[in-house]
Structure formats: C-alpha cells, structure tokens
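The structure appears below as structure tokens.
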Amino acid sequence: GAGVSQSPSNKVTEKGKDVELRCDPISGHTALYWYRQSLGQGLEFLIYFQGNSAPDKSGLPSDRFSAERTGGSVSTLTIQRTQQEDSAVYLCASSIDRDSSYEQYFGPGTRLTVT
Amino acid sequence: AQSVAQPEDQVNVAEGNPLTVKCTYSVSGNPYLFWYVQYPNRGLQFLLKYITGDNLVKGSYGFEAEFNKSQTSFHLKKPSALVSDSALYFCAVRGWNNRLAFGKGNQVVVIP
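Going down the list, the sequences are from chains H and Z. Here this note's numbering is used: the first residue of the first sequence is 1, the next is one more, and so on. Here this note's numbering is used: the first residue of the second sequence is 1, the next is one more, and so on.
Structure follows, in structure tokens:
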C-alpha cells in the first residue's frame, strides 16, 4: 500500500521567505510526527499530532515554526521568515499509535535549503 | 526525558564479517526500543523493535538486536554483512510520553 508521502522533495528559498512543507500520512494512521534532520545532528523532534488531541509542540525551535493537521490526515509544516540555520531535511512519520509500542513509518523527506 | 547514545560515528566492516552497531539508552519506566536504517536520499525504514519478552529480537534483512536491561543497551547485529548494508543506522527509545528519541546515527561502511 501507499506509504508516507512528502512534498516538495526539494525546496530552495531565500532567507526571509516563508515555506510550507506537506505530509500525507498512511491512511488510517492516527499519529503524525515531524522531525528535522541536520547533518551530523541526528533526528530532532518537532511536533506530534495524535487524533483529535492537542498537538505536542514542545519540539518546535522557535515561534517561526508552526504546523497544522487538517481532518486528521494531511499535515503542513510552515516556517516563516526562514533563516539559513533552518536548512535541513524535514521528515514526516505516521503511526497507528494505539500505544507506545508501535513503530513509525517515515516519508522520504523534504530537503530545505535557505540561501 | 529519554535519550539514546550511539558512541561510534562510523563502523567499518569487511563483507562477510559480523556487524555490530552499538546503542545505549536512558528512559524512565519500561523502554520501547527501535532500530531504523536510512539509505542515501531516502527516509528511515523500520528494522526491528523490542517491546517485551525475549531479549533477542529479529528483524528485517537478517538483522537482530539484543536487549540488555542491566547495561541499558540495545546493540544491533548481523552475522554476515553485505555491501548493500552500507547505510546510516539509528537507534531510538520511546518512553511514557510517546516521544521517540533518536541517537545521532552510525554510518556503516561494508568493504567488499
């Protein structure tokens, strides 16, 4: 079946511009996660959506970052007034998440370059 | 908060030799442990997980991992490495807050 998809695959933007990154989770997965992967830094948790509960936003690095999940499915991560340090690969993952034992399934990522 | 340490940046191994990728963790309560692999320009792929039960878990592509509670470790192993196993490997731990904490990753290079 279809996996997690993300768009665009690559995004180059100028410093100060806003960008939107999209994630389509696996159908039926109630949990959705955003991570940031920087070179040599591993994966940094950004935000977690679970069903209709309030999202866990504790990983967002600044108020320039926000995310929405509409209808319990598609999610958009928005970065306002981009900075060069925002350059990274942004990964989305989804999971059944009935409890903590379920693994997450990752999309291919969006490579963001801020010039 | 939970955390993971992967002490080696890169692991080099000759093809056909055993492969071990080390991972230690810290978490409150019972740990849920995961290994993921990332091939170049790809997302992470799930390899295996430990939730409860037998300390030795088997996963995809011939990989296995051993949970050791006393040493708080969850090392990934493969008896005979293939060149195609060359990739970036991530260990992760999940605690009571559902947050999944990843290590920095280990680059595995299998030399033909």
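The beta-carbon is built from N, C-alpha and C at its ideal position, and this holds for glycine as well.
Minimum Cβ-Cβ distance from residue i to chain Z less than 8 Å
| i | result |
| --- | --- |
| residue 103 of chain H | yes |
| residue 8 of chain H | no |
| residue 108 of chain H | yes |
| residue 90 of chain H | no |
| residue 45 of chain H | yes |
| residue 71 of chain H | no |
Cβ of residue i within 8 Å of any chain H Cβ
| i | result |
| --- | --- |
| residue 25 of chain Z | no |
| residue 63 of chain Z | no |
| residue 43 of chain Z | yes |
| residue 32 of chain Z | yes |
| residue 22 of chain Z | no |
| residue 58 of chain Z | no |
| residue 49 of chain Z | yes |
| residue 67 of chain Z | no |
Residue i classed as buried or exposed, judged by whether at least 16 other C-beta atoms fall within 10 angstroms
| i | result |
| --- | --- |
| residue 61 of chain Z | exposed |
| residue 56 of chain Z | exposed |
| residue 70 of chain H | exposed |
| residue 77 of chain H | buried |
| residue 25 of chain H | buried |
| residue 71 of chain Z | exposed |
| residue 42 of chain H | buried |
| residue 109 of chain H | buried |
| residue 106 of chain Z | buried |
| residue 39 of chain Z | exposed |
| residue 54 of chain H | exposed |
| residue 37 of chain H | buried |
| residue 6 of chain Z | buried |
| residue 6 of chain H | buried |
| residue 103 of chain H | buried |
Sequence-distant residues of the same chain with beta carbon closer than 8 Å to residue i, five excluded per side
| i | result |
| --- | --- |
| residue 97 of chain H | 29, 30, 31, 50 |
| residue 18 of chain Z | 77, 78, 79, 80, 81 |
| residue 113 of chain H | 10, 11, 12, 13, 87 |
| residue 3 of chain H | 26, 105, 107 |
Close-in-space but distant-in-sequence residues of the same chain around residue i (CB under 6 Å, 5 per side omitted)
| i | result |
| --- | --- |
| residue 57 of chain H | 47 |
| residue 94 of chain Z | 32, 100 |
| residue 27 of chain Z | 2, 93, 95 |
| residue 81 of chain H | 16, 64 |
| residue 111 of chain H | 10, 89 |
| residue 102 of chain Z | 90, 92 |
| residue 112 of chain Z | 15, 83 |
Contacts around residue i, its chain only, beta-carbon distance under 7 Å, and the 5 residues preceding and following it disregarded
| i | result |
| --- | --- |
| residue 117 of chain Z | An answer regarding residue 117 of chain Z cannot be provided, because it is not within the stretch 1 to 112 covered by chain Z. |
| residue 51 of chain Z | 32 |
| residue 66 of chain H | 78 |
Output, in sequence order along the chain, the residues in the segment 72–106 of chain Z whose CB is closer than 9 Å to any CB in chain H. Cβ contacts with chain H come from 90, 92, 94, 95, 96, 97, 98, 99, 100, 101, 102, 103, 104, 105.
In chain order, which beta strand (DSSP E) runs of at least 3 residues are fully inside the segment 11–36 of chain H? If we require 3 residues or more, the beta strand (DSSP E) runs fully inside the segment 11–36 of chain H come out as 19–24.
Where in the segment 58–114 of chain H do unbroken runs of the beta strand (DSSP E), each at least 3 residues long, occur, reported from the N-terminal end onward? Runs found: 65–69, 75–79, 88–95, 110–114.
What residues in the segment 25–59 of chain H bring their beta carbon closer than 9 Å to a beta carbon of chain Z? Cβ proximity to chain Z below 9 Å picks out 31, 33, 35, 37, 40, 41, 42, 43, 44, 45, 48, 50, 56, 58, 59 from the segment 25–59 of chain H.
I'd like the ranges of any beta strand (DSSP E) spanning at least 3 consecutive residues and lying wholly in the segment 52–76 of chain Z. Fully enclosed beta strand (DSSP E) runs of 3 or longer: 56–58, 64–68.
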